[in-house]
Amino acid sequence: MKLSELKPGQTATIVDFSDDELSLRFLEMGCVPGEEILLERIAPLGDPIAIRVSGYSLCLRFSEAESIIISPTNLPKEKVQNN
Amino acid sequence: MSSKEKDITYATPSPSEKAGGRLLKVALAGNPNSGKTTLFNILTGLNQKIGNFPGITVDKKSGFAKIKDSTVEFIDFPGSYSLNALSQDEKVLPDVLKDKNNPVHPDLVFFVADATSLRRSLFLCTQIMDSGVPVILVLNMIDLVEKSDEKIDVSMLAEELGIKVFAVSARDAKGIEELKNALTAPLEIPRKKIISGEAAGRDKAEKQRTETIQRYKAIGEILKKTLSKKEVGLGSSRTKKIDNILTHRIYGFLIFFLILFLVFQSIFSWSAYPMALIEKFFSLTGHFLLQHLPKGMLTELLVNGILAGISGVGVFIPQIALLFGFISILEDSGYMARVSFITDRLLRQFGLNGRSVIPLMSGVACAVPAIMATRTISNWKERIITIMVTPLMSCSARLPVYTLLISLVVPEEKVFGFLNLQGLALMALYLIGFLAAISAALVFKFIIKARERSFFIMELPVYRSPRWTSVGLSIIEKVKTFVFEAGKIIVAISIVLWVLSSHAPGDTFQKIEDSFRSEEYTRYYQPAEIEKMIATQKLEHSYAGIMGRFMEPVIRPLGFDWKIGISLVTSFAAREVFVGTMATIYSVGDENNTRSIREKMMAEINPATGEKRYSTAVAFSLLVYYAFAMQCMSTLAVVYSETKSWKWPLIQFAYMSFMAYVSALVVYQVMR
Chain H
1 MKLSELKPGQ TATIVDFSDD ELSLRFLEMG CVPGEEILLE RIAPLGDPIA
51 IRVSGYSLCL RFSEAESIII SPTNLPKEKV QNN
Chain F
1 MSSKEKDITY ATPSPSEKAG GRLLKVALAG NPNSGKTTLF NILTGLNQKI
51 GNFPGITVDK KSGFAKIKDS TVEFIDFPGS YSLNALSQDE KVLPDVLKDK
101 NNPVHPDLVF FVADATSLRR SLFLCTQIMD SGVPVILVLN MIDLVEKSDE
151 KIDVSMLAEE LGIKVFAVSA RDAKGIEELK NALTAPLEIP RKKIISGEAA
201 GRDKAEKQRT ETIQRYKAIG EILKKTLSKK EVGLGSSRTK KIDNILTHRI
251 YGFLIFFLIL FLVFQSIFSW SAYPMALIEK FFSLTGHFLL QHLPKGMLTE
301 LLVNGILAGI SGVGVFIPQI ALLFGFISIL EDSGYMARVS FITDRLLRQF
351 GLNGRSVIPL MSGVACAVPA IMATRTISNW KERIITIMVT PLMSCSARLP
401 VYTLLISLVV PEEKVFGFLN LQGLALMALY LIGFLAAISA ALVFKFIIKA
451 RERSFFIMEL PVYRSPRWTS VGLSIIEKVK TFVFEAGKII VAISIVLWVL
501 SSHAPGDTFQ KIEDSFRSEE YTRYYQPAEI EKMIATQKLE HSYAGIMGRF
551 MEPVIRPLGF DWKIGISLVT SFAAREVFVG TMATIYSVGD ENNTRSIREK
601 MMAEINPATG EKRYSTAVAF SLLVYYAFAM QCMSTLAVVY SETKSWKWPL
651 IQFAYMSFMA YVSALVVYQV MR
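Written out as structure tokens, the structure reads:
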């Protein structure tokens, strides 16, 4: 499953990346495999999205989220509103 | 560790160090939003210098501070997340660290970490440590951690990392003295490497990826021992609540437009009073100098060339100060990142960035501060496109030109009973400017090659209230940059334009004076009228007049004569000069007397056709010309100082002149 398929409020664990160039950028920002992430919100026009990772908010474009492979953790920790 | 480095204790510099003026160089490095600049401001106060990093065009801020008996130079490095980063700004740090002979190679790095994002901060911190320079870790925003239920064991962290660690809150200036005192102790190279040796991998990129994962694993081990619990994401609940409103699909945009409106109003109307004051000051000084200095060329050069140029620089200061006050508040509070977040989708299609909105909208007041505001756009290509199209937005200097020309040809009538026709024409011109800017952006998107892939992977920082000292310092910095970088070009061009419009070949001016002083004039005309006629004749025969005549064949297809040609030359200084030049050409004298300029222009007959010179076709052609043409030396000067190259201002001048010429040609030929 890709990060781009996650719904707001859902959590997942990072598994792998499908874009080599982008992956280094994500890794450096703390998105390492095994790290748990939460999809915080989606921008009003549907793109970009904001995730919570290693204690801070990171935003990225939908197209960039497609390159992150995740495995959903089916325990929604907290409900986040999608306005 | 070399013996020299070991022995340096800066409280007591050795005689040779004193003689050689050797001082301790401390680099400030850290992630964006780590509070690095706030700390820099506290450490250096007003004692700051802006320059370039050697050999490249990245801005360098440095400042000095006296600590005990020695002088320390602090250098603020651009914020980055990793030493592998590729953008020009982010590459400065790794390049300088690698090169021991670089004049800004630091003796010590203050690594400023956002204590609430320790994991990500330690990534770059340990990279720098592993490069072998002495590092002191500054845990900033410790106040936020103390308020939360998370605990950081600072001494354990220092133990694990093998470097000194200080917890501070730069915003409240807490812990700063302890940090300063640390500079008097001997420098220590990190005791151990977090990652040593090269990571495995087929190529450089794979090695970097493997190393990154290993490094985060190592950091995870360290944090297990030093954090009381896994970080919860501090300040998140308050920020989340604010974000629910500010990134809302209706309120988000509504609030954004309200803020834009406020920024807009302030640079438009609040700055009007101080601007008038500055102009008044310079014109009074000019009058005073003209009266009290001996008459002659030197005095005229001083007043009409140099002083006029300095006044032209000075009038921009209120707008620049206001705009950057606002931008600094929006940036510091964390709101600017949200502006990008909600507008990225829309602007990306035009090759622009969410942060292009502020420059583009500010361009309606003035392109000069607007172009300086593009600094917040980190992607090079998106920034250049924003710079290139911003001057197409109808700025306030076009307003006097528009008003004069519209009043010439558009009747003051109402359509549908309530819409003022002149007002509609004005609105149409603003709209044309906006559409031209968007279309030009789209064209540049395909022409300009990207230096780096367009990423939108960025942090959404926690909301914090801005610090007024930072806002003040940022205003001072921007005004300084403008005055000293763009300012000198503006003064130089102003002198050239003065020479062109007030000098003529040979003794032409003397002949004009003599002919008007003859009895046939003095008998019938008042001295004041003769002065006006002399001014008109002088301008028509000056170098600018000669250029106007020379240009006539080129601009005739647009419906312009050589008199308009003169105005095109002189109004390169600033668009509103068009009105003043018209006043001189038509011997009105007082440029504020728009009505009599209009009457004279209306009465002007084109000898070739026997019809009105300023026909509807000519006026509209001129309006379109001014909407598109790059008739502003200050904008070109500021584009030069922002891009640090003449290439971009020249391209901008060429494409805008071309657009102006072709559109005016079409308008005139169709409407004629």
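Line by line, the protein sequences are chains H and F.
Its first residue numbered 1, the first sequence is counted upward by one per residue in this note's numbering.
Its first residue numbered 1, the second sequence is counted upward by one per residue in this note's numbering.
For glycine and all other residues, C-beta sits at the position ideal for the given N, C-alpha and C.
For clarity, every value in this text was computed on a predicted model and none was experimentally measured.
> What residues in its chain sit with their C-beta under 8 Å from that of F:LEU347, if we drop five residues either side in the sequence?
Replying inline: The count along the second sequence starts at 1 and reaches residue 347 of chain F at position 347. Once the five neighbours on either side are set aside, the close Cβ partners of F:LEU347 are ASN353, GLY354, SER356, VAL357.
> Can you tell me where the beta strand (DSSP E) with F:ASN140 in it begins and where it stops?
Replying inline: Within the second sequence, residue 140 of chain F is the residue found at index 140, counting from 1. Where F:ASN140 is concerned, the enclosing beta strand (DSSP E) stretches over 135-140.
> Looking at the structure shown, is F:GLN48 part of a helix, part of a strand, or coil, going by DSSP?
Replying inline: By one-based count along the second sequence, residue 48 of chain F stands at place 48. Shown here, F:GLN48 sits in a strand according to DSSP, grouped into three states.
> Within the chosen definition, does the region 57-77 of chain F reach the region 118-138 of chain F through at least 3 CB pairs nearer than 8 Å?
Replying inline: The region 57-77 of chain F vs the region 118-138 of chain F: no contact.
> Terminal residues of the continuous beta strand (DSSP E) containing H:THR11?
Replying inline: Within the first sequence, residue 11 of chain H is the residue found at index 11, counting from 1. Counting along the chain, the beta strand (DSSP E) containing H:THR11 begins and ends at 11-17.
> Quick one, are the C-beta atoms of F:THR570 and F:VAL577 less than 7 Å apart?
Replying inline: Along the second sequence, one-based indexing puts residue 570 of chain F at 570. Along the second sequence, one-based indexing puts residue 577 of chain F at 577. The answer is yes: Cβ separation under 7 Å.
> Beta-carbon separation of H:PRO44 and F:ARG249 under 7 Å?
Replying inline: Against the first sequence, residue 44 of chain H aligns to sequence position 44. Against the second sequence, residue 249 of chain F aligns to sequence position 249. The Cβ-Cβ distance between H:PRO44 and F:ARG249 falls below 7 Å.
> F:LEU108 and F:LEU83 look like a contact to me (Cβ under 8 Å); what is the Cβ gap, rounded to whole Å?
Replying inline: The residue you call residue 108 of chain F lines up with position 108 of the second sequence. The residue you call residue 83 of chain F lines up with position 83 of the second sequence. The Cβ separation is near 17 Å, so there is no contact.
> DSSP three-state call for F:GLU73: helix, strand or coil?
Replying inline: The residue you call residue 73 of chain F lines up with position 73 of the second sequence. The three-state secondary structure of F:GLU73, taken from DSSP, is strand.
> To the nearest whole angstrom, what separates the beta carbons of F:ALA617 and F:ARG672, a pair I think is in contact under 8 Å?
Replying inline: As a working mapping, residue 617 of chain F is identified with position 617 in the second sequence. As a working mapping, residue 672 of chain F is identified with position 672 in the second sequence. 5 Å between Cβ atoms; contact.
>> Less than 7 Å between CB atoms is the rule here; does F:GLN208 satisfy it with respect to chain H?
In response: The residue labelled residue 208 of chain F in the question sits at position 208 within the second sequence. Yes, F:GLN208 lies at the interface with chain H (some Cβ there is under 7 Å from its Cβ).
>> Please report the distance separating the alpha-carbon of H:VAL32 from that of F:LYS207.
In response: Here residue 32 of chain H corresponds to residue number 32 of the first sequence, with the count starting at 1. Here residue 207 of chain F corresponds to residue number 207 of the second sequence, with the count starting at 1. Here the alpha carbons of F:LYS207 and H:VAL32 stand approximately 15 Å from one another.
> When burial is assigned at 16 or more other CB atoms within 10 Å of the CB, is F:ALA660 buried or exposed?
Replying inline: Within the second sequence, residue 660 of chain F is the residue found at index 660, counting from 1. Residue burial annotation: F:ALA660 is buried, with at least 16 other C-beta atoms found within 10 angstroms of its C-beta.
> Given F:SER2, which residues of its chain have a CB within under 6 Å of its CB, disregarding the five upstream and five downstream residues?
Replying inline: Taking the first residue of the second sequence as position 1, residue 2 of chain F is located at position 2. Only weak support exists for where F:SER2 lies, its pLDDT of 41 falling under 50; the value from the coordinates is given anyway. Nothing meets the Cβ criterion.
> Helix or strand or just coil, what does DSSP make of F:ASN41?
Replying inline: The count along the second sequence starts at 1 and reaches residue 41 of chain F at position 41. Of the three classes helix, strand and coil, the one that applies to F:ASN41 here is helix, per DSSP.
> Whole-angstrom Cβ separation of F:LEU558 and F:TYR625, contact assumed at under 8 Å?
Replying inline: Residue mapping note: residue 558 of chain F aligns to position 558 of the second sequence, counting from 1. Residue mapping note: residue 625 of chain F aligns to position 625 of the second sequence, counting from 1. Confirmed, Cβ separation roughly 7 Å.
> At a CB-CB cut-off below 8 Å, which residues of chain F make contact with H:ALA43?
Replying inline: Along the first sequence, one-based indexing puts residue 43 of chain H at 43. Within 8 Å Cβ-Cβ: THR247, PHE341, ILE342, ASP344, ARG345.
> What's the call for F:TRP562, buried or exposed, on a 16-neighbour Cβ count within 10 Å?
Replying inline: Along the second sequence, one-based indexing puts residue 562 of chain F at 562. By the beta-carbon neighbour count (other beta carbons within 10 angstroms, threshold 16), F:TRP562 is buried.
> Excluding five sequence neighbours on each side, which residues of the same chain lie with their C-beta closer than 7 Å to the C-beta of F:VAL145?
Replying inline: By 1-based counting over the second sequence, the position of residue 145 of chain F is 145. Result list for F:VAL145: ALA115, THR116, ILE152, LEU234, in chain order.
> Going by Cα to Cα distance, which pick from F:MET275, F:THR374, F:SER641 is closest to F:SER328?
Replying inline: As a first step, residue 328 of chain F must be located in the second sequence, where it is residue number 328. Comparing Cα-Cα distances from F:SER328 to each of F:MET275, F:THR374, F:SER641, the minimum goes to F:THR374.
> Between the region 209-223 of chain F and chain H, which residues of the former have a C-beta closer than 7 Å to a C-beta of the latter?
Replying inline: Answer set for the region 209-223 of chain F: ARG209, THR212, ILE213, TYR216.
> Considering only residues of the same chain and omitting the five flanking positions on each side of F:GLN537, which have a CB-CB separation below 7 Å?
Replying inline: For the purposes of this step, residue 537 of chain F is identified with residue 537 of the second sequence, where counting begins at 1. Excluding residues within five positions, the ones whose Cβ falls inside 7 Å are ILE512.
> Alpha carbon to alpha carbon, what distance is there between F:SER439 and F:PHE446?
Replying inline: Indexing the second sequence from 1 puts residue 446 of chain F at position 446. Indexing the second sequence from 1 puts residue 439 of chain F at position 439. Those two C-alpha atoms are separated by around 11 Å.
> Just to confirm, are F:PRO369 and F:GLN319 a CB contact at a threshold of 7 Å?
Replying inline: In the second sequence, counting from the first residue as 1, residue 369 of chain F sits at position 369. In the second sequence, counting from the first residue as 1, residue 319 of chain F sits at position 319. By the CB criterion at 7 Å, F:PRO369 and F:GLN319 fall inside the cutoff.
> Hey, out of F:LEU473, F:LYS381, F:VAL666, whose CA is closest to F:LEU622's CA?
Replying inline: Here residue 622 of chain F corresponds to residue number 622 of the second sequence, with the count starting at 1. For the set F:LEU473, F:LYS381, F:VAL666, the Cα lying nearest the Cα of F:LEU622 is the one of F:VAL666.
> Shorter than 7 Å from the beta carbon of F:GLU459 to some beta carbon of chain H?
Replying inline: Working through the second sequence from its first residue, we reach residue 459 of chain F at position 459. Answer yes: the Cβ-Cβ gap between F:GLU459 and chain H drops below 7 Å somewhere.
> Among all the DSSP beta bridges, which residues are the ones paired with F:LYS225?
Replying inline: Walking along the second sequence from the start, residue 225 of chain F turns up at place 225. F:LYS225 pairs with nothing; no bridge assigned.
> Taking the DSSP output, what are the residues bridged to F:VAL313?
Replying inline: Locating residue 313 of chain F in the second sequence gives position 313, counting from the first residue. DSSP, once it has assigned bridges, lists no residue as partnering F:VAL313.
> Can you tell me where the alpha helix (DSSP H) with F:VAL639 in it begins and where it stops?
Replying inline: The residue labelled residue 639 of chain F in the question sits at position 639 within the second sequence. That run of the alpha helix (DSSP H) goes 633-643.
>> Here's a check: name, in chain order, each residue in its chain whose Cβ is nearer than 8 Å to the Cβ of F:VAL315, leaving out the five neighbours to either side.
In response: Residue numbering aside, residue 315 of chain F sits at position 315 when the second sequence is read from its first letter. Same-chain partners within the cutoff: MET275, ILE278, GLU279.
> Taking any Cβ of chain F, which residues in the region 15-29 of chain H have a Cβ under 9 Å from it, in chain order?
Replying inline: Residues of the region 15-29 of chain H that bring their beta carbon within less than 9 Å of a beta carbon in chain F comprise PHE17, ASP20, GLU21, LEU22, SER23, LEU24, ARG25, PHE26, LEU27, GLU28, MET29, in sequence order.
>> Between which two residues does the alpha helix (DSSP H) holding F:MET388 run?
In response: Taking the first residue of the second sequence as 1, we reach residue 388 of chain F at position 388. Start and end: 380-389.
> Got a sec? Which residues, its chain only, sit under 6 Å from F:ALA27 by beta carbon, not counting five neighbours each side?
Replying inline: As a working mapping, residue 27 of chain F is identified with position 27 in the second sequence. ILE75, PHE77, PRO106, VAL109.
> By how many angstroms is the C-alpha of F:THR643 removed from the C-alpha of F:PHE257?
Replying inline: As a working mapping, residue 257 of chain F is identified with position 257 in the second sequence. As a working mapping, residue 643 of chain F is identified with position 643 in the second sequence. Whole-angstrom Cα-Cα distance: 29 Å.
> Among all the DSSP beta bridges, which residues are the ones paired with F:PHE166?
Replying inline: As a first step, residue 166 of chain F must be located in the second sequence, where it is residue number 166. F:PHE166 pairs with F:VAL138.
>> Let's test the definition: count the other Cβ atoms within 10 Å of the Cβ of F:LEU284 and tell me whether it reaches 16, buried, or not, exposed.
In response: By 1-based counting over the second sequence, the position of residue 284 of chain F is 284. Under a 10 Å Cβ-count criterion, F:LEU284 is classified as exposed, with fewer than 16 other Cβ atoms of the shown protein chains found around its own Cβ.
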